[in-house]
Amino acid sequence: MPTVDARPGPFAFDPDTTALLVIDMQRDFLLPGGFGESLGNDVAELRRTIGPLTALISAWRTAGLPIIHTREGHLPDLSDCPPAKLRRGPMIGQKGTFGRILIRGEYGHDIIDELRPEPGEVVIDKPGKGAFYATELSATLEKLGTRQLVVTGVTTEVCVHTTVREANDRGFECLVLADCVGSYFPEFQQAGLEMIAAQGGIFGWVAESPALLKEIA
Ligand code: C5J
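Sequential numbering from 305 applies to the sequence shown in this note's numbering.
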């Protein structure tokens, strides 16, 4: 079985039952001048994931393994956005540089050009931080026969963490790739990754993408 050099220990995986999850690599979060930057964030902290993710997605496609992309966002009438989320994120639904912020169908809500999904790849729209909540992700993974997830995307301590925790509770083994996940806050990036691998891998494993690429080349 292919085995990745990871923390807290080797991550052995069966390619037949492993899927790549690419979380929320959306223009609203990553583009200069967009929503993320308008909140005072440095989008360069997220954009450093684009190069490693491009290489990983390309290799994953060549290996013929499943890729699932997610997008955080809401229906145009915001009926799927809990009032509590809106109270703490009043910009959701407002007009931004790239259309209404975090609204499905708007330019800013979609995935960045560099990582555009290919036909046949699943794209899951999610209203929450976790990719399992109020989505078809569980059913999709069941149909694929997935037991292990390689988790990438943004942001490390929010949607990546929430999804890894949800996945862990559902019995999936998660490998999080440090160079393919990003946070606006370097200290959260570091702590977020440490939390996953701590205590014998309480939520999963952490590795760098070259260690995985070697195994699928
Ligand atoms: C956030 C996300 N940070 N995709 N969303 O609001 O992590």
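The C-beta atom is built at its ideal place from N, Cα and C for all residues, glycine as well.
From a predicted model like this one, the values you see are computed outputs, not experimental measurements.
Measuring from the CB of residue i, is there a heavy atom of ligand 1 at a distance below 7 Å?
i, result
"residue 436", "no"
"residue 333", "yes"
"residue 458", "yes"
"residue 462", "yes"
"residue 328", "yes"
"residue 376", "yes"
"residue 433", "yes"
From residue i to residue j, what distance separates their C-alpha atoms?
i, j, result
"residue 474", "residue 484", "23 Å"
"residue 334", "residue 317", "30 Å"
"residue 364", "residue 411", "26 Å"
"residue 450", "residue 322", "5 Å"
"residue 469", "residue 501", "12 Å"
"residue 426", "residue 518", "25 Å"
"residue 471", "residue 368", "23 Å"
"residue 403", "residue 437", "25 Å"
"residue 504", "residue 314", "11 Å"
"residue 414", "residue 312", "34 Å"
Could you check if residue i is buried or exposed, using at least 16 other CB atoms within 10 Å of its CB as the buried criterion?
i, result
"residue 430", "buried"
"residue 487", "buried"
Using 8 Å for Cβ pairs, my map puts residue i next to residue j. What's the rounded Cβ distance?
i, j, result
"residue 457", "residue 346", "That pair is no contact at about 18 Å."
"residue 428", "residue 448", "13 Å between Cβ atoms; not a contact."
"residue 455", "residue 350", "15 Å between Cβ atoms; not a contact."
Below 8 Å, how does it come out for the region 473–481 and the region 496–515: are there three or more Cβ pairs, yes or no?
yes
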